[in-house]
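Quick note, the sequences are listed as chains Z and P, same order. Residue 904 in our numbering sits at position 174 of the first sequence, with consecutive numbering throughout. Residue 661 in our numbering sits at position 222 of the second sequence, with consecutive numbering throughout.
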Amino acid sequence: MSILKNVTIGQYYPGDSVVHRLDPRTKLVLSFAFIIVLFLVNGFLPYLWLAALVMVVAQIARVPLKIMLRGLSPLKFIIALTFLLHLFTTRGGTVLWQLGFLRIESNGLAQGAFLAFRLILLVVATSLLTLTTSPIALTDGLERILSPGARFGLPAHELAMMMTIALRFIPTLIEEADKIMRAQLARGADFESGGLIKRAKSLLPLLVPLFVSAFRRADELAMAMEARAYRGGKHRTRLKVLKYTAKDFWAYFLAALAFGIAYFLGRWV
Amino acid sequence: MSAIIRMEGVSFSYNSDDPQQTQALQGVSLSIEPGEFVAIVGRNGSGKSTLAKHINAILTPTSGEVWVDGISTKDTDSVFAIRQIAGMVFQNPDNQIVATIVEEDVAFGPENLGIPSDEIRRRIDEALSLVRMSDYALHPPHLLSGGQKQRVAIAGVLAMHPKILILDESTAMLDPLGRQEVMETALRLNRERGMTVVLITHHMDEAVRAERVIVLDRGRVVLDGSTREVFSQVDLLRQLGLDVPQVTSLAQLLREQGLNLQPDVLTVGEMVEQLCQLL
Ligand SMILES: Nc1ncnc2c1ncn2[C@@H]1O[C@H](COP(=O)(O)OP(=O)(O)OP(=O)(O)O)[C@@H](O)[C@H]1O
Ligand SMILES: [Mg+2]
């Protein structure tokens, strides 16, 4: 049994829905646009509309709600903190509750709930992107979106290559860390008890060999890439050529419409 | 000039500021014909990897010259052409696979060569079927066995349509089954496709399967001949710190015991045959 077995990267939920088959560029651009809209519009009504939108897309993608919400659990602390902070500090409106110096006013409640709502939407929408797009498609899409920036010195290809290599080596390094950890457990190391400092110290004999090996791997990988005629992004073709199809145009169109409605709801209603 | 690899007086030192420092290669001259299966053996640090890296222009000689398929590796404009002709598979399967999906990794070389997408697709299918890994095209490489990973690495090289396949201790980290898989693949490519294979190994049982063996010691070629010739020099090989194939070593022991065996027995089959003749 592996000690580090619970570590997972990416959270791709494989499927064959329209959402899965959209061009990764479409999904990246629309997710980004969604986040901007989220910050541009205010009010519960447009947020309810955006939440409904996310739910509909998740339905189409056939991603279960439970899996969607899983992305929230690492952030539940931050969301709760945001809520509580605003609940107790934002002033205005009627006093709802008071105990000593602690006081909740109605504006605080509204503001806290609103900001928590915003964070939840932000996380759920971006997990929808990573749930329906494989890491490879994501890096490909990112490379293509950023590639016009290459003319101005933006290292689009290099960034994408770094992401690919990181994704490729994370499982290998986890496996290795696991091996080292077990070798040291067998020699009586203890990674689990003691305070924060003691535990951090006990990790040192794990991290040092891991780093040494990572550098050796990087060295060998660079050589192997060179041997396979790698010379950066120039002259390079790709196996999978990204192509926009009709469904991408529909996605852009519908999203523009939906974002327009959100803006309208926030402005005039 | 029909040789596919030709080296003339190649010397190389890793530290060019200090030429007095021992050179990793010292005046190596050799030539390898298309379609040959050559094993290179020698103890640790004898210069095998350094020699291999001269064949695909990862390293260029400090003095002397290397020609690959008629192109000199000194010609800096031809570096990528040479790397396409001479493909190299390294020792650690984990450190030469770039992508997160087998077929994406096989595509890496052709992508670097600027091959159009539909041709890359064809090459992936061809290369994976040559190494018998077609069923794994969509697998993540980190879940494969060592032998399978090495075969993916070979496929990645084959997809570049090389004429030479260099295996630098590519079996060293594998279990016996994995080693067998890689050896069979290399032999098959040589026989069926006429691929020139340069096999660097510490396992004499693998070297025996080549047609020709080159022995390196301290950066020099000390023996170069047919497998049978080279392995009949049991004493010299031992002196150089090398093993001899188990069967050859057994034959020598039996000869010392007075049995009338040939000194150049290489395989179990030959041994059986000779013993039967004696009976
Ligand atoms: N990157 C390097 N920098 C400096 N010296 C090196 C480097 N690589 C190898 N050498 C030296 O060059 C000599 C030949 O090394 P090489 O790696 O070619 O040997 P090898 O026959 O492949 O050995 P092994 O069986 O251990 O793989 C050795 O003395 C080694 O120490
Ligand atoms: Mg070596």
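Glycine is no exception: its CB is placed at the ideal position from the N, C-alpha and C atoms. All values reported here derive from a predicted model rather than from experimental measurement.
Legend entry - Contacts of N531(P) in chain Z (Cβ-Cβ under 7 Å): E950
Legend entry - Option in R657(P), Q696(P), M643(P) with minimal Cα separation from R651(P): Ranking the options by Cα distance to R651(P), first place goes to M643(P).
Inset, instruction - Report all residues from its chain with a CB closer than 6 Å to the CB of S488(P); omit the five preceding and five following residues, and keep chain order. - result: D607
Inset, instruction - Spatial neighbours of D703(P) within its chain, please: CB distance less than 7 Å, with the 5 preceding and 5 following residues excluded, ordered by chain position. - result: Within the same chain, R667, F670, S671 come within 7 Å of D703(P) by CB-CB distance, once the 5 residues on both sides are set aside.
Legend entry - Extent of the continuous beta strand (DSSP E) to which M572(P) belongs: Note, M572(P): premise wrong, no beta strand (DSSP E); not H, not E.
Inset, instruction - Reducing DSSP to helix, strand and coil, say where T713(Z) ends up. - result: Any question about residue 713(Z) goes unanswered here, given that chain Z covers just 731 to 999.
Inset, instruction - Could you tell me whether any Cβ in chain P is nearer than 8 Å to the Cβ of V971(Z)? - result: yes
Inset, instruction - Find the nearest neighbour of F519(P) within the set V507(P), G486(P), Q530(P), judged by alpha-carbon distance. - result: V507(P)
Legend entry - Contact test: K421(P) Cβ vs ligand 2 heavy atom, cutoff 7 Å: Residue 421(P) lies beyond the residue range present for chain P, which begins at 440 and ends at 718; the question has no answer from this structure.
Inset, instruction - Could you tell me whether any Cβ in chain Z is nearer than 8 Å to the Cβ of E608(P)? - result: Output row for E608(P): interface = no.
Legend entry - Contact between the region 888-895 of chain Z and the region 911-923 of chain Z (3+ Cβ pairs under 8 Å): no
Legend entry - C-alpha distance - A696(P) paired with L689(P), whole-angstrom precision: The question names Ala, but residue 696(P) in the sequence shown is Gln. Near 11 Å, if we compare the C-alpha coordinates of L689(P) and Q696(P).
Legend entry - Cβ neighbours of V767(Z) in the same chain (closer than 6 Å, five flanking residues each side left out): Excluding the 5 residues flanking it on each side, V767(Z) has same chain C-beta neighbours closer than 6 Å at F989, A992, in chain order.
Inset, instruction - Could you give the DSSP three-state label for T756(Z): helix, strand or coil? - result: helix
Legend entry - Paired residues, beta bridge with S470(P) - DSSP: R445(P)
Legend entry - Rounded separation between A948(Z) and P532(P) - CA only: 13 Å
Legend entry - Inter-residue Cα distance where the pair is D908(Z) and F921(Z): 12 Å
Legend entry - Simplified DSSP assignment, three categories, for L951(Z): helix
Legend entry - Contact test: D607(P) Cβ vs ligand 2 heavy atom, cutoff 7 Å: yes
Inset, instruction - Check the C-beta distance from V545(P) over to A598(P) and give it rounded, since I have them as a contact under 8 Å. - result: Indeed, because the Cβ distance is near 5 Å, the residues count as touching under 8 Å.
Legend entry - G658(P) classed as buried or exposed, judged by whether at least 16 other C-beta atoms fall within 10 angstroms: Buried, because 16 or more other Cβ atoms sit within 10 Å of the Cβ of G658(P).
Legend entry - Sequence-distant residues of the same chain with beta carbon closer than 6 Å to H493(P), five excluded per side: V505
Legend entry - Within-8 Å CB hit, N454(P) to chain Z: no
Legend entry - Residue environment, E558(P), which counts as buried when at least 16 other CB atoms sit within 10 Å: E558(P) counts as exposed, since fewer than 16 other beta carbons sit within 10 angstroms of its beta carbon.
Legend entry - Through-space distance from V660(P) to V647(P), alpha-carbon basis: Distance between V647(P) and V660(P), taken at the CA atoms: about 18 Å.
Inset, instruction - Examine ligand 2 and report whether any of its heavy atoms sits within less than 7 Å of the Cβ of S488(P). - result: yes
Legend entry - Contact list for G595(P) against chain Z, beta-carbon separation under 7 Å: Within 7 Å Cβ-Cβ: R958.
Inset, instruction - Kindly examine ligand 1 and report whether one of its heavy atoms sits closer than 7 Å to the Cβ of A959(Z). - result: no
Legend entry - Within chain Z, the residues that T539(P) reaches when beta carbons sit closer than 8 Å: P865, I866, T894, L897, R898
Inset, instruction - Scan the region 460-533 of chain P and note each continuous beta strand (DSSP E) run of 3 residues or more that stays entirely inside, going in chain order. - result: 464-471, 476-480, 502-507, 525-528
Inset, instruction - Reducing DSSP to helix, strand and coil, say where L679(P) ends up. - result: Shown here, L679(P) sits in coil according to DSSP, grouped into three states, outside any helix or strand.
Inset, instruction - Starting from the C-beta of L933(Z), find all residues in its chain whose C-beta is less than 8 Å away, skip the five residues before and the five after it, and write them out in chain order. - result: F921
Legend entry - Straight-line gap, L884(Z) to D614(P) (C-alpha atoms, nearest Å): In this model, L884(Z) and D614(P) are separated by some 45 Å (Cα to Cα).
Inset, instruction - Note down, in chain order, each residue of its chain lying with its Cβ closer than 6 Å to the Cβ of D682(P), except the 5 sequence neighbours on either side. - result: M643
Inset, instruction - Determine, using beta carbons only, whether I852(Z) and H816(Z) come nearer to each other than 8 Å. - result: According to the sequence displayed, residue 852(Z) carries Leu and not Ile. No, the Cβ-Cβ distance between L852(Z) and H816(Z) is not below 8 Å.
Inset, instruction - Measuring alpha carbon to alpha carbon, tell me which of E447(P), N454(P), A625(P) ends up nearest S502(P). - result: E447(P)
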